[in-house]
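Participant:
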Amino acid sequence: MSSADHQLLLSHIRDVPDWPEPGIAFKDITPLLREPTALARTIELLASGAGGPVDAVVGIEARGFILGAPVAYRLGAGFVPVRKEGKLPSDTSAASYDLEYGQATIEVHRDAFTPGERVLIIDDVLATGGTVRATVDLVRAAGADVAGVSVLMELGFLHGRDKLPDVEVSTLLSL
Ligand code: AMP
Numbered sequence: 011m012s013s014a015d016h017q018l019l020l021s022h023i024r025d026v027p028d029w030p031e032p033g034i035a036f037k038d039i040t041p042l043l044r045e046p047t048a049l050a051r052t053i054e055l056l057a058s059g060a061g062g063p064v065d066a067v068v069g070i071e072a073r074g075f076i077l078g079a080p081v082a083y084r085l086g087a088g089f090v091p092v093r094k095e096g097k098l099p100s101d102t103s104a105a106s107y108d109l110e111y112g113q114a115t116i117e118v119h120r121d122a123f124t125p126g127e128r129v130l131i132i133d134d135v136l137a138t139g140g141t142v143r144a145t146v147d148l149v150r151a152a153g154a155d156v157a158g159v160s161v162l163m164e165l166g167f168l169h170g171r172d173k174l175p176d177v178e179v180s181t182l183l184s185l
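Heads up, our numbering is the position in the sequence shown plus 10, with the first residue counted as 1.
(1) In angstroms with no decimal places, state the Cα-to-Cα distance between residue 32 and residue 123.
(2) Between residue 135 and the ligand AMP, is the CB less than 8 Å from at least one heavy atom?
(3) Look at the Cβ atom of residue 24, then the Cβ atom of residue 46, and state whether they are nearer than 9 Å.
(4) To the nearest angstrom, how far is it from the Cα of residue 147 to the Cα of residue 105?
(5) Hey, is residue 150 close to the ligand AMP, as in C-beta under 8 Å from one of its heavy atoms?
(6) Is residue 107 near the ligand AMP, in the sense that its beta carbon is under 8 Å from a heavy atom of that ligand?
(7) Is it right to say residue 101 is buried, meaning 16 or more other beta carbons lie within 10 angstroms of its own, or is it exposed?
(8) Just the C-alpha distance for residue 171 and residue 179, rounded to the nearest angstrom, thanks.
(9) Can you find the residues in the same chain that come closer than 6 Å, C-beta to C-beta, to residue 115, ignoring five residues on each side of it along the sequence?
(10) Measuring only from the beta carbon, is residue 140 closer than 8 Å to any heavy atom that is part of the ligand AMP?
(11) By Cβ distance below 6 Å, which residues in the same chain neighbour residue 57 in space, the five residues on each side in sequence not counted?
(12) For my contact list, residue 134 and residue 182 are in at a C-beta cut-off of 8 Å; report their separation, rounded to the angstrom.
(13) Look at the alpha carbon of residue 30 and the alpha carbon of residue 138, and state the distance between them as a whole number of angstroms.
(14) Quick one: does the C-beta of residue 176 sit closer than 8 Å to a heavy atom of the ligand AMP?
(15) Please report how far the alpha carbon of residue 60 lies from the alpha carbon of residue 157, in whole angstroms.
(16) Based on the DSSP secondary-structure assignment, which residues constitute the bridge partners of residue 22?
(17) Buried or exposed, going by whether 16 or more other CB atoms sit within 10 Å of the CB of residue 97?
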């Protein structure tokens with residue numbers, strides 16, 4: 011990525027200290043979504059993380075929906091939502107994973123993929139990596155191939171990549 015793009019994206023991400031709880035610096039992407047050039051470059055750059063044609067883009071609730079759907083459109087692919095437990099209306103497969111405190115479960119529709127399809131996974135932040143790990147496992151359990159994971163930013167100090175040694179992960183910003 012050019013240093014101009016790097017600066018453009020970085021300057022439109024806002025750190026909100028101690029939100030949603032003390033000690034967390036929340037990476038707020040709403041300024042980036044609001045600025046047309048920053049949004050367009052983000053979508054272009056995330057789409058280039060596919061490394062080839064893909065059949066579907068998976069977006070992880072909720073900011074992965076906002077970024078993933080335009081990436082799917084850009085790539086001429088379909089879009090598949092991975093949602094929090096209990097939100098999808100038809101038959102689902104589920105994966106659970108550990109959070110710092112407690113557990114989370116995500117789901118995808120059982121009929122979302124045809125075996126052998128190539129899938130690109132999109133999210134805004136790679137933090138501890140648990141969410142992306144569970145998503146990769148869900149997609150593979152459904153018979154599809156994970157072509158790659160493309161995220162806007164990676165919080166390197168949380169070492170999320172360590173949970174993803176078997177996946178091509180591309181991040182636009184390392185923070
Ligand atoms: P992870 O710890 O990698 O499983 O991250 C879980 C989810 O939480 C991701 O989908 C991110 O969107 C979100 N997330 C984690 N940490 C942050 C943060 N510091 N700022 C904004 N979103 C975050």
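Where a beta carbon is used, it is the ideal one built from N, C-alpha and C, also for glycine. This structure is a prediction, so every number in the text was calculated from the model and none was measured.
Facilitator: In brief:
(1) One C-alpha to the other measures close to 40 Å.
(2) Correct: residue 135 has its Cβ closer than 8 Å to the ligand AMP.
(3) Contact: no.
(4) Note on geometry: alpha-carbon atoms of residue 147 and residue 105 lie some 8 Å from one another.
(5) Distances between the C-beta of residue 150 and the heavy atoms of the ligand AMP are all 8 Å or more.
(6) Distances taken from the Cβ of residue 107 to the heavy atoms of the ligand AMP include one shorter than 8 Å.
(7) Around the beta carbon of residue 101, a 10 Å sphere encloses fewer than 16 other beta carbons of the protein chains shown; the residue is thus reported as exposed.
(8) So the two alpha carbons sit approximately 8 Å from each other.
(9) Taken in chain order, the residues that qualify are 95, 104 and 106.
(10) Residue 140: yes, Cβ under 8 Å from the ligand AMP.
(11) Here residue 57 has 81, 84 and 85 as same chain residues with Cβ atoms under 6 Å from its own Cβ, once five neighbours each way along the sequence are excluded.
(12) Not quite, the Cβ-Cβ distance comes to about 10 Å (not below 8 Å), so this is no contact.
(13) Cα atoms of residue 30 and residue 138: separation of roughly 16 Å, rounded to the nearest angstrom.
(14) Set against 8 Å, the gap from the CB of residue 176 to the closest heavy atom of the ligand AMP is not smaller.
(15) The straight-line gap separating the alpha-carbon atoms of residue 60 and residue 157 is approximately 7 Å.
(16) In the DSSP output, where bridge partners are listed per residue, residue 22 has none listed.
(17) When all chains shown are included, residue 97 counts as exposed.
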